[in-house]
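Trainee: Sharing a structure below in structure tokens format, with a few things to ask.
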Amino acid sequence: FIDSEVDHPNLAMKWHNSIIALLYLFCTHLHAHKPETKINKADNFKASGQPTPATAVGSKPRFAPPKLPDGAYYAQYFPGPGSPADHGLVLSQSKKDSDELADKYDGQWSVEVPDSSAIEGDYALVMKSPAKHYAISAKLDRPFVFDQPDKQFVLQYDVKFQHGMECGGAYLKLLTDSPSLNLTEFTDRTAYTIMFGPDKCGPEHKLHFILRHRCPATGNVEEKHARKPQVDLSAYFNDKRTHLYTLVVSSDNSFQVYIDQVLVNNGSLLEDLQPPVNPPPDADDSTDQKPADWDDREKIPDPKAVRPADWDESQSEFIDDAQASVPAGWLLDEPPTVPDTTAKKPADWDDDIDGAWQPAHIENPKCKDAPGCGPWTRPKVRNPLYRGQWTPPLVDNPAYRGAWRPRRIANADGFVDKQPWKFSPIGAIGFELWSVTEGVAFDNLLIVDRKPLADSFADQTWSIKRQAERQQDSALQAVFDAVRDATNDRPWIWAALLVGVVLPLVLLIAYCCCLRESSPSSKAAAAAARARRKKTDGDDDYDYDDEDDEDDDDDLVDDAAPAAAEADYYDDSDEPPELVDLDAPDDEPEAEPIGAEPSVTGPRQRTVGKA
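Encoded structure:
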């Protein structure tokens, strides 16, 4: 490992690159075996096989159509070009609930290959217009009815913010099925059952999961919001990569939210929505009033306390500084400002209307170099005798009865819904959005009733797309992403990386740096410095025979910096330098002079000056 001919810092870099490569392979292996992406054989689901491999086209893989899940309620992966209508999408011909022309849904949609696509021929639905309202929707192949306890509701699609996102949404609305549902009239007023997906404006990043719950007693509908995910969502809006969003709702009233097949939020429909699905069984009695003798003061002034006899409340908090004096040079008789003698009365000035004209005041020129002009006042200082107004200390109130609250009575609007997962049936899927930033791409929209079906579809679509995007990015960025994905749900990996990779790498670099201080290259630098000092001192009688005995310094100089050594040893004559064959035996004669440029293909040579 240690060799005088080896450049140790370069060797350390080679070791560093090797460790980074091993780290990337390690994290990629972990990410490929995440438990969330495994198909549960207990679901009696026959997978569609391995993901279809993409075929290379130049430097990009070619898009390969996925196999659609059996029994999918909706599946759209945009297999080729065409208008949105060619892919079963309906543009809204209406506008938002407003009389403003600007609230018209005039954002342009396009089915195209995104500009930054890493896969050849991978089409997506793209928002093309900045700062516009968008509305587009499609009917499901059949309505999704929440009536079977043995099935889940699974919504999945991927989003790519090609230009990042300044302000705008990328969420889906699952429209409530009804005979009157008209997709050409799709607006913000159209009834929906679930709203799900990312949304951002300014510094606020959101991942919505909103359901509209119908009260079984009154029939009233109210929005219920899931809590905010406890993860940083900013990177998903800014990294310009494709991300997969998945929502799963089960008949046990549980829900899970995934980003890139990693769980980021979960909970219970009964316990983790705001406002709660079921109102409290009792409520405050609005007719109840606080009794007049109710004492809710926890502390009161001590009635036994007496003001001290020497307590003086007449003293001011601040007084004039008696020790201050007028600064030297202060012009007491000079005003700070004087009339401007160069000012002239305007020609249109009317004394009857504008009043008597007076010239404007300017700073007194005599005060320019003085510490001050005009009356001088003493500065204020804190009064040492000041004690302020006396107040008695506070003590516990013996009559304290606590904070008053109205009595609780049975909630007149209360009800109990033990099966909130039975949402209103869904008949269509739609985007109703506002976006400042254009270029948002949607792809691989899917609604199924089992998560393994969605996992298999993602393996054939998003997983291949993610791998292609990573290959398109720099190797270092890919390493960071692999580490992030692998450690999202395995924090212990950080400790393993610290002990197994980072610590040895730091010790290796420190060892190489210390070794470099005593390495031949360091000696070469010292020898070059001595040679320059001798040349500068004008030592024309330098003994080159003795030079060979000085620890072979010149060999090191030539190895480290031949051009600098050649320039340093040139004398003032016009004759070219002699070249000495260092590989020849000591008893061989010196080489004959050759041209000014030494050969780099022959034996190892040293440039020397003529005696």
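Those letters in the sequence shown? Residues -32 to -1, 1 to 579, by mature numbering (1 follows the signal peptide of the UniProt record, and there is no 0).
Virtual Cβ for every residue (Gly too), placed ideally from N, Cα, C.
Small disclaimer: the values here were computed from a predicted structure and weren't measured.
1. Just list the residues that DSSP pairs His193 with in beta bridges.
2. Does the distance from the CB of Val122 to the CB of Val58 come in under 8 Å?
3. From the DSSP output, in three-state form, read off His101 for me.
4. Would you mind giving the Cβ-Cβ distance between Cys132 and Asn206, rounded to the nearest angstrom? I have them listed as a contact below 8 Å.
5. In three-state DSSP terms, what is Lys433?
6. Give every residue of the same chain whose Cβ lies closer than 7 Å to the Cβ of Ser78, excluding the five residues on either side of it in the sequence, and list them in chain order.
7. Are three or more beta carbon pairs between the segment 376 to 395 and the segment 108 to 119 nearer than 8 Å?
8. From Lys348, Leu299 and Asp322, pick the residue whose C-alpha is nearest to that of Pro333; which is it?
9. In its own chain, which residues sit with a C-beta less than 6 Å from the C-beta of Pro330, not counting the 5 before and 5 after it?
10. Which class does Asp167 belong to by DSSP, given the choice of helix, strand or coil?
11. If we ignore side chains and look at the alpha-carbon of each, how far apart do Pro191 and Phe223 end up?
12. Have a look at Pro303 and Trp325 and give me their C-alpha separation to the nearest angstrom.
13. What are the start and end residues of the alpha helix (DSSP H) that includes Phe205?
14. Would you call the CB atoms of Met163 and Lys141 closer than 8 Å?
15. If Asp385 and Pro184 are in contact, beta carbons under 8 Å, what's the gap, nearest whole angstrom?
16. Please confirm if the segment 198 to 214 is in contact with the segment 239 to 259, defined as three or more CB-CB distances below 8 Å between the two stretches.
17. Taking the CB atoms as reference points, tell me whether Gln426 and Gln124 lie closer together than 8 Å.
18. Judging by CA-CA distance, which residue of Asp289, Asp167 and Trp358 is the nearest neighbour of Ala277?
19. Taking the straight line between their C-alpha atoms, what separation do you get for Tyr41 and Pro171?
20. Provide the residue span of the alpha helix (DSSP H) that contains Leu465, from first to last.
21. Helix or strand or just coil, what does DSSP make of Asp319?
22. Might you give, ordered along the chain, the residues of its own chain that have their beta carbon closer than 6 Å to the beta carbon of Pro295, omitting 5 neighbours on each side?
23. Examine the Cβ distances between the segment 139 to 153 and the segment 228 to 241 and report whether three or more of them are shorter than 8 Å.
24. With distances taken between CB atoms, is the gap from residue 621 to Gln44 smaller than 8 Å?
25. Give me, in chain order, the residues of the same chain whose beta-carbon lies closer than 7 Å to that of Thr20; leave out the 5 immediate sequence neighbours on both sides.
26. Evaluate the contact criterion for the segment 310 to 320 versus the segment 365 to 377: three or more CB pairs, one atom per stretch, below 8 Å.
27. In the structure shown, what three-state DSSP assignment does Pro393 receive?
28. What did DSSP end up calling Tyr42 once you bin it into helix, strand or coil?
29. For residue 580 versus Ala92, is the C-beta spacing smaller than 8 Å?
30. Just tell me which of Thr144, Asn365, Gly297 and Glu406 has its CA closest to the CA of Asp337.
31. Under the three-state reduction of DSSP, which class applies to Val274: helix, strand or coil?
32. Is it the case that the Cβ atoms of Ala86 and Ala436 are separated by a distance below 8 Å?
33. Starting from the N-terminal side, write out each stretch of the beta strand (DSSP E) that is 3 residues or longer and does not extend beyond the segment 89 to 146.
34. Considering only residues of the same chain and omitting the five flanking positions on each side of Asp83, which have a CB-CB separation below 8 Å?
35. Can you pull the DSSP bridge partners for Lys267?
36. Quick check on the burial criterion: 16 or more other C-beta atoms within 10 angstroms. Buried or exposed for Asp301?
Mentor: Once the coordinates are examined:
1. Ile178 and Gln242.
2. No.
3. Here His101 sits in strand by DSSP.
4. According to the sequence shown, residue 132 is Gly rather than Cys. Contact between Gly132 and Asn206 holds, with the beta-carbon distance rounding to 5 Å and staying under 8 Å.
5. Correct three-state label for Lys433: helix.
6. Cβ within range, chain order: Val94 and Lys96.
7. Yes, the segment 376 to 395 touches the segment 108 to 119.
8. Considering only alpha carbons, the answer is Leu299.
9. Per the sequence shown, the amino acid found at residue 330 is Ile instead of Pro. Cβ neighbours of Ile330 beyond the five flanking positions: Asp308.
10. Correct three-state label for Asp167: strand.
11. The residue asked about is misnamed: residue 191 is Glu in this sequence, not Pro. If you draw a straight line from the Cα of Glu191 to the Cα of Phe223, it comes to about 16 Å.
12. Each residue's Cα considered, the two are about 21 Å apart.
13. Ser202 to Asn206 is the extent of the alpha helix (DSSP H) around Phe205.
14. Yes, the Cβ-Cβ distance between Met163 and Lys141 is below 8 Å.
15. Indeed, because the Cβ distance is near 6 Å, the residues count as touching under 8 Å.
16. No, the segment 198 to 214 does not touch the segment 239 to 259.
17. The question names Gln, yet the displayed sequence has Ala at residue 426. Yes.
18. For Ala277, the nearest C-alpha among the options comes from Trp358.
19. Tyr41 and Pro171 have their C-alpha atoms some 36 Å from each other.
20. Per DSSP, Leu465 belongs to the alpha helix (DSSP H) from Trp460 to Leu465.
21. Correct three-state label for Asp319: helix.
22. Counting only residues of its own chain and dropping the five nearest sequence neighbours on each side, Pro295 has a CB closer than 6 Å to the CB of Pro339.
23. Short answer: they don't touch.
24. With the chain covering only -32 through 579, there is no way to say anything about residue 621.
25. Confidence at Thr20 is low in this model, with a pLDDT of 45, below 50, so the placement of that residue should be treated as unreliable; the coordinate-derived value is given next. Non-local beta-carbon contacts of Thr20 in its own chain, meaning distances under 7 Å to residues more than five positions away in sequence, involve Ala32, Pro34 and Gln428 in chain order.
26. By the C-beta criterion, the segment 310 to 320 is judged not to be in contact with the segment 365 to 377, since fewer than 3 inter-stretch pairs fall below 8 Å.
27. Coil.
28. Per DSSP, reduced to three states, the secondary structure at Tyr42 is strand.
29. Here the chain has residues from -32 to 579 only, and residue 580 is not among them.
30. Closest option to Asp337, Cα to Cα, is Gly297.
31. Val274 sits in coil when the DSSP states are folded into three classes, being neither helix nor strand.
32. Result yes, Cβ atoms of Ala86 and Ala436 sit closer than 8 Å.
33. Whole beta strand (DSSP E) segments, 3+ residues: 92 to 95, 100 to 112, 121 to 129, 135 to 137 and 140 to 144.
34. Within the same chain, Gln130 and Gly407 come within 8 Å of Asp83 by CB-CB distance, once the 5 residues on both sides are set aside.
35. Paired residue(s): Asp364.
36. If you draw a 10 Å sphere on the C-beta of Asp301, you find fewer than 16 other C-beta atoms in it, and that means exposed.
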